[in-house]
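Per the working numbering, the sequence shown starts with residue 24, numbered consecutively.
To start, the structure itself, in structure tokens.
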Amino acid sequence: MKNTTSLRPMPKTFRLCIKTDCPRAAECLRSVALQMLSPDEQSISIINPAYLAATEGDCPVFHSAAKVRYARGFVKMLSGLTVHQANALRQTLEHDFGHTRYFRLRAGERLIDPATQEHIRQAMTRLGITDLPDFDAYVEEYDW
């Protein structure tokens, strides 16, 4: 399943909703994503319509279609730090994320979700870095 306008394509395991009479369909990513499907898609994963028909009140599988602000890379952020601060931050984040994930996040190969952005900022604060610089870039994407 692809979404050509997104850096983060819809995962094949993302379940879609085909309930057309849902009052929150326009704000639910499960319904919005159904409209974005290419006619080339041979198969999709959907939520059981019988399950949805049996639910009352708030939908238990609602997934907000609001885009999320992801960061992309933090190489520039590190360049503003002293060598000691940059090394301490690298060691801390490598411990937290693992070697490969740390370097992919740093280089911008993987988008950085808001919770991870906050984790990085808190790690900087704990290391005594008070002037928190911005990440290299930001993009608005769906939170699949």
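Glycine residues also receive a C-beta, built at the ideal position from the N, C-alpha and C atoms.
{"Item": "Counterpart residues of R92 in DSSP-defined beta bridges", "Value": "E163"}
{"Item": "Straight-line gap, N26 to R127 (C-alpha atoms, nearest Å)", "Value": "Reliability of the predicted coordinates at N26 is poor, the pLDDT of 37 falling under 50, and no value is obtained from them."}
{"Item": "Backbone CA spacing between R149 and L112 [nearest angstrom]", "Value": "10 angstroms"}
{"Item": "Closest residue to P46 among I67, R129, D81, Y74 (Cα-Cα distance)", "Value": "D81"}
{"Item": "Nearest residue (CA-CA) to T115, options D136, T36, A146", "Value": "A146"}
{"Item": "Spatial neighbours of R92 in its chain, beta-carbon cut-off 7 angstroms, leaving aside the 5 residues before and after", "Value": "P137, Y161, E163"}
{"Item": "Cβ-Cβ separation, V98 to R129 (assumed contact under 8 angstroms), whole Å", "Value": "6 angstroms"}
{"Item": "C-beta contact flag for L171 and A109 at 8 angstroms", "Value": "Here the chain comprises residues numbered 24 to 167, so residue 171 is not present and cannot be evaluated."}
{"Item": "Backbone CA spacing between S61 and A77 [nearest angstrom]", "Value": "30 angstroms"}
{"Item": "Residues that DSSP places opposite I70 in a beta bridge", "Value": "Answer is none; I70 lacks a bridge partner."}
{"Item": "Residue from Y74, A48, E64 whose Cα sits closest to the Cα of P34", "Value": "E64"}
{"Item": "Alpha-carbon to alpha-carbon, G121 and I152", "Value": "22 angstroms"}
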